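A.B. asks: Protein chains in written order, with my numbering: chain A, 39 to 115; chain B, 4 to 196. Ideal Cβ positions, reconstructed from N, Cα and C, are used throughout, including at glycine. Since we're looking at a predicted model, the values are computed, not measured. Below: one structure in structure tokens.
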């Protein structure tokens, strides 16, 4: 139960970090924003949806989707 | 309550059920392709997409992210309590989940009405065509999720002995899917252009 509270805290920190990055003039801001979104996606799927308890195939499928999606977005940008 | 032990390590039994995960992947693929298309057109008309993005209020998007992530957190807690046979606590967390889902919809409604008042409708330009199509499609998913959670809460209150944990987990997986889709929509629509 404690771990899920920590994950929620991290998700909030990452959400505020996204707001900070998007409002700043940091170079590679898009890369950071997508990176943070990927991290949040992993936390929600692996911890809230308990994917970490699932068969490895499901983990690879989720991570594979995320990898291809984020690479495509960053490549086109 | 029926809590038949499930071996989640078995490839056929991911948490929430294999059918729900097939739906989740189909949805992620659909939204993912639409977002890739949006970014592609955005790369062709950079100035238009940048100026249009500035017409959105990113604060609304950020607050809605907090609403959805926190509702997902309560959903996860609700499932955990149910596994420990703590039905009353589980119902309390489910109610909080739905309340935050409603907060998301209310804020989205305010945002939509402001956009319509400003004349930024679906035909305004290509950016707003994507904005409306993707966010409304997502809102429909949130509405369906709320209905599923509402039925689950009703069943848990009425006769918890007849409720199957697998059904609650499937509803939870659908709700978390709404989170996941929003985590892809928010940065691309509100921030990166």
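Using CA atoms only, rank isn't needed, just tell me which of B:111, B:136 and B:13 is closest to residue 41 (chain B).
C.D. replies: That would be B:136, whose Cα lies nearest to the Cα of residue 41 (chain B).
A.B. asks: Can you tell me which of B:56, B:50 and B:24 puts its alpha carbon nearest to the alpha carbon of residue 194 (chain B)?
C.D. replies: Closest by alpha carbon: B:56.
A.B. asks: With 8 Å as the C-beta to C-beta threshold (strictly closer), list the residues of the segment 69 to 93 of chain A near chain B in chain order.
C.D. replies: Flagged, chain order: 71, 72, 74, 75, 78, 79, 82, 83, 85, 86, 87, 88, 89, 91, 92 and 93.
A.B. asks: Let me make sure I understand the geometry here. Which of B:25, B:95, B:62 and B:21 has the alpha-carbon closest to that of residue 80 (chain B)?
C.D. replies: Here the closest residue by C-alpha is B:95.
A.B. asks: Classify residue 190 (chain B) as helix, strand or coil using the three-state DSSP reduction.
C.D. replies: The answer is helix: DSSP assigns residue 190 (chain B) an H, G or I state.
A.B. asks: Just to confirm, are residue 170 (chain B) and residue 75 (chain B) a CB contact at a threshold of 8 Å?
C.D. replies: For residue 170 (chain B) and residue 75 (chain B), no; Cβs fall outside 8 Å.
A.B. asks: Can you find the residues in the same chain that come closer than 6 Å, C-beta to C-beta, to residue 106 (chain B), ignoring five residues on each side of it along the sequence?
C.D. replies: So the list reads 70, once near-sequence residues are dropped.
A.B. asks: Is the distance from the Cβ of residue 152 (chain B) to the Cβ of residue 117 (chain B) below 8 Å?
C.D. replies: No.
A.B. asks: Measuring only between beta-carbons, confirm whether residue 111 (chain A) sits less than 8 Å from chain B.
C.D. replies: By this cut-off, residue 111 (chain A) is an interface position.
A.B. asks: Can you tell which of B:173, B:86 and B:155 has its C-alpha closest to the C-alpha of residue 101 (chain B)?
C.D. replies: The residue with the shortest Cα to Cα distance from residue 101 (chain B) is B:155.
A.B. asks: By how many angstroms is the C-alpha of residue 138 (chain B) removed from the C-alpha of residue 59 (chain B)?
C.D. replies: Looking at the two C-alpha atoms, the distance is approximately 13 Å.
A.B. asks: Can you give me the C-alpha to C-alpha distance between residue 85 (chain A) and residue 63 (chain B), rounded to a whole angstrom?
C.D. replies: Looking at the two C-alpha atoms, the distance is approximately 26 Å.
A.B. asks: In chain order, which beta strand (DSSP E) runs of at least 3 residues are fully inside the segment 73 to 135 of chain B?
C.D. replies: Fully enclosed beta strand (DSSP E) runs of 3 or longer: not present.
A.B. asks: Is the segment 95 to 115 of chain A close to the segment 31 to 46 of chain B, with three or more CB pairs under 8 Å?
C.D. replies: Judged by Cβ distances under 8 Å, the segment 95 to 115 of chain A makes contact with the segment 31 to 46 of chain B, as three or more pairs qualify.
A.B. asks: Could you compute how far the alpha carbon of residue 112 (chain B) sits from the alpha carbon of residue 119 (chain B)?
C.D. replies: The straight-line gap from Cα to Cα measures roughly 11 Å.
A.B. asks: Please confirm if residue 39 (chain B) has its CB atom under 8 Å from at least one CB of chain A.
C.D. replies: By this cut-off, residue 39 (chain B) is an interface position.
A.B. asks: Pull up the distance between the alpha-carbon of residue 164 (chain B) and that of residue 20 (chain B), whole angstroms please.
C.D. replies: If I take the Cα positions, the gap works out to 21 Å.
A.B. asks: Just checking, does the segment 50 to 66 of chain A make contact with the segment 83 to 93 of chain B on the three C-beta pairs under 8 Å criterion?
C.D. replies: With the cut-off at 8 Å, the segment 50 to 66 of chain A and the segment 83 to 93 of chain B do not touch.
A.B. asks: What did DSSP end up calling residue 48 (chain B) once you bin it into helix, strand or coil?
C.D. replies: Coil.
A.B. asks: Is the distance from the Cβ of residue 103 (chain B) to the Cβ of residue 77 (chain B) below 8 Å?
C.D. replies: Cβ distance < 8 Å, so residue 103 (chain B) and residue 77 (chain B) count as in contact.
A.B. asks: Going by the CB atoms, is the gap between residue 95 (chain A) and residue 90 (chain B) shorter than 8 Å?
C.D. replies: No. Outside cutoff.
A.B. asks: Using the beta-carbon of each residue, which ones in chain B are nearer than 9 Å to residue 114 (chain A)?
C.D. replies: In chain order: 39, 42, 43, 45 and 46.
A.B. asks: Would you list, in chain order, the members of the segment 176 to 194 of chain B that have their beta-carbon closer than 9 Å to a beta-carbon of chain A?
C.D. replies: Answer in chain order: 176, 179, 180, 182, 183, 186, 187, 189, 190, 191, 193 and 194.
A.B. asks: First and last residue of the alpha helix (DSSP H) that includes residue 114 (chain A)?
C.D. replies: Run containing residue 114 (chain A): 94 to 114, per the alpha helix (DSSP H) assignment.
A.B. asks: Would residue 201 (chain B) count as contacting chain A if we go by Cβ distances under 8 Å?
C.D. replies: Residue 201 (chain B) lies beyond the residue range present for chain B, which begins at 4 and ends at 196; the question has no answer from this structure.
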